[in-house]
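Each protein sequence line maps, in turn, to chains A and B. With the working numbering as the guide, the letters of the first sequence map in order to residues 83 to 619. With the working numbering as the guide, the letters of the second sequence map in order to residues 1165 to 1622. Where a beta carbon is used, it is the ideal one built from N, C-alpha and C, also for glycine.
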Amino acid sequence: MREGVVVQNSGNRELRKHLLISLLIITLIGAAIVSFAVAVNNLDFPILSTLIFFPVAGAAFIAMLSRDKKELIKLSTLIISIIEFILSIPLYISFNKATHEMQFREEYLWIPQWGIKYSLGIDGISVLFILLSSLLTILCVTVSWKEIDKKIKEFYASLLLTHSAMIGVFMSLDIFLFYIFWEAMLIPMYLIIGIWGGPRRIYSAIKFFLYTFVGSVLMLVGILVLYFHSGTSDILTLMKISYPYKMQIWLFWAFFLAFAVKVPMWPVHTWLPDAHTEAPTAGSVILAGILIKMGAYGFLRFNLPMFPEATLAMKPYMIVLSVIAIIYGALICLVQKDLKRLIAYSSVSHMGFVTLGIFALNQQGIQGGILQMINHGIVTGALFLCVGMIYQRTHTREIANYGGVATVMPAYSVFFMVFTLASIGLPGTNGFIGEFLILLGAFKAWKLMCVLSATALIIGAGYMLWLYQRVFFEKTNPYVLEHIEGYGDLNAREILTLLPLTIAVIWIGFYPNALLSFMDESVKALINQVIVSGAIK
Amino acid sequence: MTIPQVPLNFEALIPEILLTGFASLILLLGLLKIRNEILVWSSVVFLLILALFIPSFEGEAFGGMFLNDFLAIYLKLIVIVGTIISLLVITPYLKEKLILLNESISLILFSALGMMLLVSARELISFFVSFELMSLSGYILVGIRRYDARSNEAAIKYFMLGGVSTAIMLFGISFIYGVTNTTDFSLLVKSLSNYHSLSYIGLGLFIIGLCFKVALFPFHMWAPDVYEGAPTPVTAFISTLPKVAVLGAFGRILIELFKDYYIDWSSFLIVLSILTMAVGNLFALLQNNIKRMLAYSSIAHAGYITIGLIAGTQTGFNAVVVYMFIYTLMNIGAFAMVIAFNEENIENYKGLHKFHPALALAMLIFMFSLTGVPPTAGFIVKFNIFLQAVKAGFTGLVIIAVILTVVSAYYYLRIVMYMYMKEPVETPKSLISLELKIAIFLCAFGTLILGVIPLYLV
């Protein structure tokens, strides 16, 4: 009798596995056909809207599924996110690298009374974030497979909605639409941190929401002022208008505050360690991977081109703030006892590099900044994935509780090593290229600050290698061993989750031009805009 | 003395006449022990028909005493839609015999009638009479649970303070009449422009009457007590629709009649609106009773709405009107949720998501909409108000308003947090009927869809 049940169960499992694989293959083939069709006759197909609204429709579909069919919910989210990623491949294939103009434009009148348009488009600065977001969403689904066990329907729906809103931010060419996406992203993210997070999740979720909300409502006032001064909400038109100097300063600060909270720059960074630490793994990956990049993207899209004179005037302050963030974040990392918190603070330091590069205001600096954003998304996202995987086994994030993990989880330690080295910026990994370009740019702009921030690289190597040593080597902790034994080393799902990011780390490390070539023209045009229109008056 | 012959063309008044007849009919039918559901649904159907035909009754009646223009019709449509939802919301209380009197249905209709007349009144006396019709029905509604001490206390408070405020307003009207010797709006415009000092007093007293009804600081004291004590469906009704009508009517009077006094009343209202937003939002933080919290939140919203009036432009006033529409939807929705969960203590909202996922989702939408987070309609209308204020040059006021919006996020999110992020303490004794579900669905759907596609809102 019991044997019969077991046989039947395993038969079911086999069947399910076959079903899963065949479904995946069918979707892959189908989506590949669609994406190639799009790539061939591109531009006519509203690919950007599809990318935004496909996950929304997916979330609605998931919300309608029955609560008990957990496997089905997970599987459909996975398929939806994979299709989404394949749909975003045409952006990579048929992106025209020779121009800085917006591509894949879509424009419809949305609120005619206010002249507000539903206007989308991407250029070399934004295209990579959309690809990265699509990739990370798939990995978020796979890593949450076992981790999330309550309210899974809501979780996966929130995940897809967050992705939609985030890529919407990168695509919007209307300032009003931009704000809608910017704020709408807060709702699912608030839920992700607050419902599925760690012990202090509620405090962290509210802190995250309020910090971001304060910044963005002041940006809203800035948007209103901008709108009335120029009479349009079209971002491209707004860039061409020159504003009075005093107004530029005010608007610069209004926008700066919103973006600085998101980046997060020192001293408004305090929400980040809490949110990163308490969020579930998928939440941390999204936060570190894409969400905080929205702030730096905002600098590039709004502050620099729209208020060039104010940017030039504020440049020294911005650089000093960045350097403080770099060194302060790195020093704080040295004293962290919690794995996730350490990586969170390292984000503060790395994002300091990004803003340093951006406000160095030269080709190397800005290109390095953008590349570093992508790198940071990959590497820190991967580190959070790794921490999530081991947390699943041991249910502790205290560094002191670990030790000797390398002996029981060899494959895991290899992956972690790759990402640790990338985070430090070892040549041959992607981290090196980004940081090198930023330092090059910073050296041109302000030598002293460049030297100061370079010291953080040493501290960075210090805290990351020390972390690695404490967790993976040294004396083995029986507590950890006991917990890991039940699970063993990484399983296929986890290896498949980490593999794409590992490939990306090495690929970008050896051939950075694959990404840099996308942004060449756009960055050139941006710098032209800042330097020329900022210096004339 | 010859009495001028006024043409009586009362065609524009037909909807109101029909509503009077229908409300009286409901009152009579109530005596025959007809089931309450039938009364409610027939009223809903009647109001729906009225809403369909009301745009075709544009025009004036009684020589300009009654004007049914585009704005008045828009306001009336808001009142009718709000009344329909309020009627649906009150049914669970009727079914569970929490409200014994089916007169409540006709009282709601009479109050709605007062509002419809109020927004069309172009003459001070008819203005005052419709104002009283609206208010008196409201006082009775608050005390409709005759054996409930809280309800009675609330009714007395509401009546006393409302009576005082009406008296003050009437005093103001008498000053205005004394200065101008007329009660007709079209004549008032001309006679008021001589800046007689008495007309300032009249205007001041008049605005105080407005502040009482809309619950602006420092005349907001009654609101939390009355909202808490009144039966929840009645709270949903009196916290929204009277404000729609009063702000609609007063706004027109301020902007059209007293436009020469713009500097005076706008600077007065700026102070009031800042204090109202501050008091409403800060006190809402401290509340543990959800009805009191929503009362303070509606005080805060009255502050935001006043910003639209302060702008002093026609577009500013339009922004006020659409804000009122969305405010009605989301506030009635939130109160409907309080009825559904049948629970006033915020602590007991813990873990409600587990028992009612769909309702919790609707509450989430209302809370984010009340905060003003896109993509809900609450954002669009708030944006609209701020847009008009910045246009009129009140950027500083807008900055204060957005900062206080952040404060409001905390107490709205607290509800979401309790529902979704805490473990339940006890199983809720929910009070759900089909009508209530329909009402909640209408509100939530409207709040969400109009946020994405803001048709007819701007």
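Under the three-state reduction of DSSP, which class applies to residue i: helix, strand or coil?
| i | result |
| --- | --- |
| B:K1601 | helix |
| A:Q185 | strand |
| A:D316 | strand |
| A:P80 | With chain A covering only 83 through 619, there is no way to say anything about residue 80 of chain A. |
| B:I1617 | coil |
| A:E265 | helix |
| A:W278 | helix |
| B:F1339 | helix |
| A:N444 | coil |
| B:K1518 | helix |
| B:I1308 | coil |
| B:A1285 | strand |
| B:F1230 | strand |
| A:W348 | coil |
| B:N1509 | strand |
| A:S254 | strand |
| B:L1595 | coil |
| B:I1419 | helix |
| B:L1380 | coil |
| A:A287 | helix |
| A:L530 | helix |
| A:K199 | strand |
| B:Y1425 | helix |
| A:Y379 | helix |
Taking its Cβ as the centre, do 16 or more other Cβ atoms sit within 10 Å of residue i, making it buried, or is it exposed?
| i | result |
| --- | --- |
| A:R423 | buried |
| B:V1343 | buried |
| B:R1260 | What sits at residue 1260 of chain B in the sequence shown is Glu, not Arg. It is exposed - the Cβ of B:E1260 has fewer than 16 other Cβ atoms within 10 Å. |
| B:P1538 | buried |
| A:L608 | buried |
| A:V380 | The residue asked about is misnamed: residue 380 of chain A is Gly in this sequence, not Val. With 16 or more other Cβ atoms within 10 Å, it is buried. |
| A:Y427 | buried |
| B:T1399 | buried |
| A:N610 | exposed |
| B:Y1576 | buried |
Look up residue i in the DSSP assignment and give the residues it is bridged to.
| i | result |
| --- | --- |
| A:E480 | A:D420 |
| A:D356 | According to DSSP, A:D356 bridges with nothing at all. |
| B:D1348 | B:E1287 |
| A:N385 | Answer is none; A:N385 lacks a bridge partner. |
What in chain E is Cβ-close to residue i, meaning under 8 Å?
| i | result |
| --- | --- |
| A:V296 | You won't find chain E in this structure, because its protein chains are A and B. |
Quick check: is any heavy atom of the ligand ATP less than 6 Å from the C-beta of residue i?
| i | result |
| --- | --- |
| B:S1533 | The ligand content of the structure shown is nil, which means the ligand ATP is not present either. |
At least three beta-carbon pairs within less than 8 Å, the stretch 1301 to 1319 of chain B to the stretch 1222 to 1241 of chain B: no
Taking contact to mean 3 or more Cβ pairs, one atom from each stretch, closer than 8 Å, check whether the stretch 1244 to 1258 of chain B and the stretch 1200 to 1215 of chain B are in contact. yes
With a threshold of 8 Å, are at least 3 pairs of Cβ atoms found where one atom belongs to the stretch 202 to 220 of chain A and the other to the stretch 165 to 175 of chain A? yes
Cβ-based contacts, 7 Å cut-off: residues of the stretch 1253 to 1279 of chain B near chain A: none
Any contact of the stretch 1497 to 1509 of chain B with the stretch 1409 to 1426 of chain B, i.e. 3+ C-beta pairs under 8 Å? no
Should the stretch 1229 to 1236 of chain B be regarded as contacting the stretch 1280 to 1289 of chain B, the criterion being three or more beta carbon pairs within less than 8 Å? yes
Positions along the stretch 310 to 324 of chain A whose CB lies within less than 8 Å of some CB in chain B: F310
Can you give me, in chain order, the residues of the stretch 259 to 274 of chain A that have a beta carbon less than 9 Å from any beta carbon in chain B? Y261, I262, F263, W264, E265, A266, L268, I269, Y272, L273
Between the stretch 463 to 476 of chain A and the stretch 508 to 515 of chain A, are three or more C-beta pairs nearer than 8 Å? no
At a Cβ cut of 8 Å, what residues of the stretch 215 to 233 of chain A count as close to chain B, listed as they run along the chain? K233
With a threshold of 8 Å, are at least 3 pairs of Cβ atoms found where one atom belongs to the stretch 1275 to 1282 of chain B and the other to the stretch 1180 to 1193 of chain B? yes
Quick one, which residues of the stretch 1548 to 1561 of chain B are near chain A if we go by CB-CB under 9 Å, in chain order? N1548, F1550, L1551, A1553, V1554, K1555, T1559
Does the stretch 287 to 306 of chain A come into contact with the stretch 242 to 250 of chain A, if we say contact requires no fewer than three beta-carbon pairs (one atom in each stretch) closer than 8 Å? no
At a cut of 8 Å, does the stretch 1514 to 1522 of chain B reach the stretch 1457 to 1476 of chain B through at least three beta carbon pairs? no
Looking at C-beta atoms only, is the number of pairs between the stretch 447 to 465 of chain A and the stretch 398 to 416 of chain A that lie closer than 8 Å three or more? no
Would you be able to state if there are at least three C-beta pairs under 8 Å between the stretch 1456 to 1470 of chain B and the stretch 1384 to 1401 of chain B? yes
Counting pairs of beta carbons, one from the stretch 1461 to 1475 of chain B and one from the stretch 1591 to 1602 of chain B, are three or more of them closer than 8 Å? no
In the stretch 424 to 439 of chain A, which residues sit with their C-beta less than 8 Å from some C-beta in chain B, listed in chain order? none
Where the stretch 1381 to 1411 of chain B meets chain A: residues whose CB sits under 8 Å from a CB there: none
Would the stretch 433 to 449 of chain A count as touching the stretch 566 to 578 of chain A if we require 3 or more Cβ pairs under 8 Å? no
Just by C-beta distance, which residues in the stretch 1591 to 1615 of chain B are closer than 8 Å to chain A? none
The stretch 321 to 333 of chain A in contact with the stretch 384 to 393 of chain A per 3-pair CB rule at 8 Å: yes
Taking Cβ-Cβ distances below 7 Å as the criterion, which residues of the stretch 1571 to 1589 of chain B are in contact with chain A? A1573, Y1574, L1577, M1581, Y1584, M1585
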